[in-house]
Amino acid sequence: MSEPIITVVGSFAVGMTIRASRIPVLGETLFGSNFDMGPGGKGSNQAVGVARLGAKAFFAGIIGNDKLGEIATDLYLKEGVNTKYLIKTDKKATGVGFIILNEKGENSIILDMGANKLMDAEFVDKIEPQIAKSDLVMSVLELPLEAAGRAMELGKKHGKCTILNPAPAVRLDENVLKNIEYLTPNETELRILLGLAPDDQTSNIELAKRLQSLGVKNLIVTRGEKGALVVTKKDLFELPGIAVDVVDTTGAGDAFNSGLAMALAEGKDLEYAVKFANCAGAIECKELGVIPAMGDRETVEGLYNKVYE
Numbered sequence: 022m023s024e025p026i027i028t029v030v031g032s033f034a035v036g037m038t039i040r041a042s043r044i045p046v047l048g049e050t051l052f053g054s055n056f057d058m059g060p061g062g063k064g065s066n067q068a069v070g071v072a073r074l075g076a077k078a079f080f081a082g083i084i085g086n087d088k089l090g091e092i093a094t095d096l097y098l099k100e101g102v103n104t105k106y107l108i109k110t111d112k113k114a115t116g117v118g119f120i121i122l123n124e125k126g127e128n129s130i131i132l133d134m135g136a137n138k139l140m141d142a143e144f145v146d147k148i149e150p151q152i153a154k155s156d157l158v159m160s161v162l163e164l165p166l167e168a169a170g171r172a173m174e175l176g177k178k179h180g181k182c183t184i185l186n187p188a189p190a191v192r193l194d195e196n197v198l199k200n201i202e203y204l205t206p207n208e209t210e211l212r213i214l215l216g217l218a219p220d221d222q223t224s225n226i227e228l229a230k231r232l233q234s235l236g237v238k239n240l241i242v243t244r245g246e247k248g249a250l251v252v253t254k255k256d257l258f259e260l261p262g263i264a265v266d267v268v269d270t271t272g273a274g275d276a277f278n279s280g281l282a283m284a285l286a287e288g289k290d291l292e293y294a295v296k297f298a299n300c301a302g303a304i305e306c307k308e309l310g311v312i313p314a315m316g317d318r319e320t321v322e323g324l325y326n327k328v329y330e
């Protein structure tokens, strides 16, 4: 099979990670350890993820013309991600994210998306020829909504598979939702997408069906160690999570989306794709740092064969 072409209209940010015994409360200072600085941003992570899994990955984004932006260009050169549609700007700095990990590997994150905020529908329109020749188009909500929404719209226009990872979540209306073939929220994001409180007690299945009524074709609700809920027009099923020794959960959702995208772009059925995504997400949790932990094709397939075959 030839390598599928996957275009990610996405975000890049440099992640600065530190470990602590717990997340500090307001006004408190804690000692931390294991500081690490490296490339991040959900869109960027997903572009690297699909490249490692064997796709021809194209990343469309905006970075600052600064030292942190060089981390992006160095990364994409190393990982084989095409940067034809990566723009450098002097108007804003490269995005940054500050990540605190507790002893369980759970994270709290604060973002300043910087140059990513400059992306708009006009930017996405310029890459329409690339979208038209892609097998699959992905985007995230670390960008302005008009950019992510336009990526989904153009993907649908050209008959391409579209995936939106709605993080950080905002309420979405029918004009955006109708263009999404696969929507991949976690349980909190699922609620925010509908304008509900993050801890709303309505069942995941009911909320997924509400989103379908607004135009989304398929919902894959990620549930961390509990696995994933899949809701389509014709089917509904849950897949359990894969038990691993968790070191760092940062990037697990990005790895999951990369695995899902790769399998779908190769024409695999949805159940296989979600299982493959589960494996990619589980592998991501086993090592500190998003990019170092990201699995390649051999590693993900190896876990798939161990768990599902």
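Residues 22 to 330 (the numbering used here) are what the sequence shown spells out, left to right.
All C-beta atoms in this analysis are idealised placements derived from N, C-alpha and C, irrespective of residue type, glycine included.
How big is the Cα-Cα spacing for residue i and residue j?
i: lysine 113; j: aspartate 194; result: 29 Å
i: alanine 93; j: phenylalanine 33; result: 7 Å
i: leucine 175; j: proline 150; result: 10 Å
i: serine 279; j: valine 145; result: 21 Å
i: tyrosine 293; j: alanine 284; result: 8 Å
i: lysine 154; j: alanine 72; result: 17 Å
i: asparagine 326; j: glutamate 319; result: 10 Å
i: lysine 181; j: isoleucine 148; result: 14 Å
i: asparagine 128; j: glycine 272; result: 10 Å
i: leucine 74; j: glutamate 305; result: 13 Å
i: glycine 135; j: aspartate 87; result: 12 Å
i: glycine 288; j: aspartate 256; result: 18 Å
i: leucine 291; j: lysine 138; result: 33 Å
i: serine 234; j: serine 54; result: 47 Å
Does the separation of the CB atoms of residue i and residue j fall below 8 Å?
i: aspartate 269; j: glycine 70; result: no
i: isoleucine 131; j: alanine 76; result: no
i: phenylalanine 56; j: isoleucine 44; result: no
i: isoleucine 121; j: alanine 41; result: yes
i: aspartate 275; j: lysine 307; result: no
i: aspartate 156; j: alanine 286; result: yes
i: proline 189; j: leucine 204; result: no
i: glycine 302; j: phenylalanine 277; result: yes
i: asparagine 299; j: isoleucine 263; result: yes
i: glutamate 141; j: glutamate 100; result: A quick correction: the sequence has aspartate, not glutamate, at residue 141. It is not a contact, given that the beta carbons lie outside the stated cut-off.
i: leucine 215; j: arginine 192; result: yes
i: valine 46; j: alanine 78; result: no
i: phenylalanine 297; j: valine 321; result: yes
Leaving out the 5 sequence neighbours to the left and right, which residues in its chain are closer than 8 Å to residue i when beta-carbon positions are compared?
i: glycine 64; result: Val29, Val30, Gly31, Ser32, Phe33, Phe80, Gly82, Met159, Ser160, Val161, Glu163, Leu164
i: proline 261; result: Lys247, Gly248
i: methionine 173; result: Val158, Ser160, Thr183, Leu185, Val197, Asn200, Ile201
i: aspartate 95; result: none
Return the chain-ordered list of same chain residues with a C-beta closer than 7 Å to the C-beta of residue i, the five sequence neighbours on each side being excluded.
i: proline 219; result: Thr209, Arg212, Ile213
i: glycine 61; result: Ala34, Val35, Gly36, Gly118, Val311
i: glycine 90; result: Ile84, Lys109, Thr115
i: aspartate 221; result: Arg212
i: lysine 230; result: Val252
i: asparagine 66; result: Gly272, Asp275, Val311
Return the first residue and the last residue of the alpha helix (DSSP H) that residue i is part of.
i: threonine 320; result: 318-329
i: arginine 40; result: Here arginine 40 belongs to no alpha helix (DSSP H); instead the beta strand (DSSP E) covers 34-40.
i: glutamate 163; result: From DSSP, glutamate 163 is part of no alpha helix (DSSP H); its letter is neither H nor E.
i: threonine 94; result: 88-100
i: serine 279; result: 273-286
i: glycine 118; result: Looking at the DSSP string, glycine 118 is not in any alpha helix (DSSP H); the run it does join, the beta strand (DSSP E), is 116-122.
i: isoleucine 226; result: 225-234
i: valine 334; result: For the chain, the structure presents residues 22 to 330; residue 334 sits outside this window and is missing.
i: asparagine 196; result: 195-198
i: isoleucine 312; result: 311-314
Given residue i, which residues of its chain have a CB within under 6 Å of its CB, disregarding the five upstream and five downstream residues?
i: valine 197; result: Gly170
i: valine 251; result: Ile241, Phe258, Val295
i: glutamate 49; result: none
Could you spell out where the beta strand (DSSP E) holding residue i opens and where it closes?
i: isoleucine 184; result: 182-186
i: glutamate 24; result: Note, glutamate 24: premise wrong, no beta strand (DSSP E); not H, not E.
i: lysine 109; result: 107-110
i: asparagine 128; result: 128-133
i: glycine 85; result: 77-85
i: phenylalanine 258; result: 257-260
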